[in-house]
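A.B. asks: Residue numbers (the numbering used here), protein chains in the order written: chain X, 144 to 243; chain U, 46 to 245.
Glycine included, each C-beta is placed from N, C-alpha and C at the ideal position.
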């Protein structure tokens, strides 16, 4: 029979995996008889569910336009051989150095 | 002969043309992946301005390094790696890392009859609509150190497998597992007071 410590580690490791190893069966038996550990499992699952349900932000239109302008400048200057640099890094080379 | 529009063409074809200097091909790749990059950056950075910078820097880096992409992994995996590198900066070990390591151990209760965990409310979907909960979720994720946050975002929010998360971050699957375990436990602890309070 598994104990609470083993169940705790297992719950956080294998939240949504339906495994069927002897260890899993042991943990399931423990969960069936331990309200505390099943409450924990439920709350960890809910934590993940809540984060999964958070909306994913799309690119705002202003940022999208700026990005496309950057791409245009980037490719144009690259064709001229003077690719611009991003805010923090120096240009090493431009693509097109070889073809695959 | 069927002529495919840029948006229908596979990544490898577009990459080959972009490496050869095609602006339309690179623009198509940018349009295809800008939401993926921005969404992931927003989730990891938790800051609109940083996400915007990461979006720009990522595609500048992609353009520069496109000819080094070997096609062994998926293009999106490679992109995630670049975004993660842009988001994660070297930082000093913080006290919160020690707290996360302590979460490997099961919490102990004060007495045998005292339950250690209180039941949570049943309707997270309704709760999510509240601004208060969204702010709690956001704040808790911000408190998670970036190395742990990026693993949680990839595994539990972007729903990547353990193997792909390990490949993106260039760490072992074992490291992914242990960071995920600590991240989940940390976030659960952060949300507990709010979720338990709602039930009263």
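(1) Contact criterion: CB-CB distance below 9 Å. Does residue 175 of chain X meet it with respect to chain U?
(2) To the nearest angstrom, how far is it from the Cα of residue 119 of chain U to the Cα of residue 232 of chain U?
(3) Are the CB atoms of residue 176 of chain U and residue 197 of chain U nearer to each other than 9 Å?
(4) Closer than 8 Å by C-beta to residue 213 of chain U: which residues in its own chain qualify, once you throw out the five before and the five after it? Chain order, please.
(5) Taking Cβ positions, are residue 194 of chain U and residue 89 of chain U nearer each other than 9 Å?
(6) Between residue 176 of chain U and the ligand SAM, is the CB less than 8 Å from at least one heavy atom?
(7) Classify residue 172 of chain X as buried or exposed, calling it buried when 16 or more other Cβ atoms lie within 10 Å of its own Cβ.
(8) So, are the CB atoms of residue 164 of chain X and residue 240 of chain U less than 9 Å apart?
(9) In whole angstroms, what separates the C-alpha of residue 181 of chain X from that of residue 188 of chain U?
(10) Using a Cβ-Cβ distance under 9 Å, would residue 200 of chain X count as near chain U?
(11) Please compile the residues from chain X whose C-beta is within a distance smaller than 8 Å of the C-beta of residue 83 of chain U.
(12) Let me confirm a value: residue 52 of chain U is counted as buried when at least 16 other C-beta atoms fall within 10 Å, else exposed. Which label applies?
(13) If contact means a Cβ-Cβ distance below 8 Å, which residues of the segment 56–68 of chain U contact chain X?
(14) Chain X partners of residue 87 of chain U, CB-CB under 7 Å?
(15) Could you work out which residues of chain X lie near residue 184 of chain U, taking near to mean beta carbons separated by less than 8 Å?
(16) Just the chain U side, please: which residues come within less than 9 Å of residue 212 of chain X by C-beta, in chain order?
(17) Can you check whether the CB of residue 202 of chain X is closer than 9 Å to the CB of residue 80 of chain U?
(18) So, under 8 Å CB-CB, residue 185 of chain U and residue 235 of chain U are touching, yes? Tell me the CB distance rounded to an integer number of Å.
(19) Once you ignore the five residues that flank residue 71 of chain U on each side, which residues in its own chain have a CB closer than 7 Å to its CB?
(20) Can you name, in chain order, every residue of its own chain whose Cβ lies under 8 Å from the Cβ of residue 112 of chain U, other than the five neighbours on each side?
(21) For a cutoff of 9 Å on Cβ pairs, would you count residue 186 of chain X as touching chain U?
(22) Please report how far the alpha carbon of residue 82 of chain U lies from the alpha carbon of residue 92 of chain U, in whole angstroms.
C.D. replies: Reading it off the structure:
(1) Taking the first residue of the first chain as 1, we reach residue 175 of chain X at position 32. It does not: the Cβ of residue 175 of chain X has no partner Cβ on chain U nearer than 9 Å.
(2) For the purposes of this step, residue 119 of chain U is taken as the residue at position 74 of the second chain. For the purposes of this step, residue 232 of chain U is taken as the residue at position 187 of the second chain. About 30 Å.
(3) Counted from its first residue, the second chain places residue 176 of chain U at position 131. Counted from its first residue, the second chain places residue 197 of chain U at position 152. Contact flag unset, no.
(4) Position 168 of the second chain, counted from the first residue, corresponds to residue 213 of chain U. The answer, listed in chain order, is 122, 125, 126, 129, 199 and 205.
(5) Numbered from its first residue, the second chain carries residue 194 of chain U at position 149. Numbered from its first residue, the second chain carries residue 89 of chain U at position 44. In this structure, residue 89 of chain U lies closer than 9 Å to residue 194 of chain U by Cβ.
(6) Among the ligands in the structure shown, none appear at all, so the ligand SAM cannot be discussed.
(7) The sequence position of residue 172 of chain X within the first chain is 29, counting from 1. Residue 172 of chain X should be labelled exposed.
(8) Position 21 of the first chain holds residue 164 of chain X. Position 195 of the second chain holds residue 240 of chain U. Taking 9 Å as the Cβ cut-off, residue 164 of chain X and residue 240 of chain U do not qualify as a contacting pair.
(9) As a first step, residue 181 of chain X is located in the first chain; it is residue number 38 there, counting from the start. As a first step, residue 188 of chain U is located in the second chain; it is residue number 143 there, counting from the start. Those two C-alpha atoms are separated by around 26 Å.
(10) Indexing the first chain from 1 puts residue 200 of chain X at position 57. For residue 200 of chain X, the answer is yes, since a Cβ of chain U falls inside 9 Å of its Cβ.
(11) For the purposes of this step, residue 83 of chain U is taken as residue 38 along the second chain, with counting starting at 1. Correct list: 200, 201, 202 and 206.
(12) The residue you call residue 52 of chain U lines up with position 7 of the second chain. So residue 52 of chain U counts as exposed.
(13) 61, 63, 64, 65, 66 and 68
(14) By 1-based counting over the second chain, the position of residue 87 of chain U is 42. Those are 200, listed as they occur along chain X.
(15) As a first step, residue 184 of chain U must be located in the second chain, where it is residue number 139. Per Cβ cutoff of 8 Å: no residues; residue 184 of chain U is ~13 Å from chain X at best.
(16) Taking the first chain and counting its residues from 1, the one referred to as residue 212 of chain X is at position 69. Those within 9 Å of residue 212 of chain X in chain U number zero; the least Cβ separation is about 10 Å.
(17) In the second chain, residue 80 of chain U corresponds to position 35, counting from 1. In the first chain, residue 202 of chain X corresponds to position 59, counting from 1. Cβ distance < 9 Å, so residue 80 of chain U and residue 202 of chain X count as in contact.
(18) By one-based count along the second chain, residue 185 of chain U stands at place 140. By one-based count along the second chain, residue 235 of chain U stands at place 190. Right, their Cβ atoms sit about 4 Å apart.
(19) Here residue 71 of chain U corresponds to residue number 26 of the second chain, with the count starting at 1. Same-chain partners within the cutoff: 63 and 108.
(20) Here residue 112 of chain U is taken as the residue at index 67 of the second chain, counted from 1. Only 64 meet the Cβ criterion.
(21) Indexing the first chain from 1 puts residue 186 of chain X at position 43. So yes, residue 186 of chain X belongs to the interface.
(22) In the second chain, residue 82 of chain U corresponds to position 37, counting from 1. In the second chain, residue 92 of chain U corresponds to position 47, counting from 1. Spanning the two alpha carbons is a distance of roughly 14 Å.
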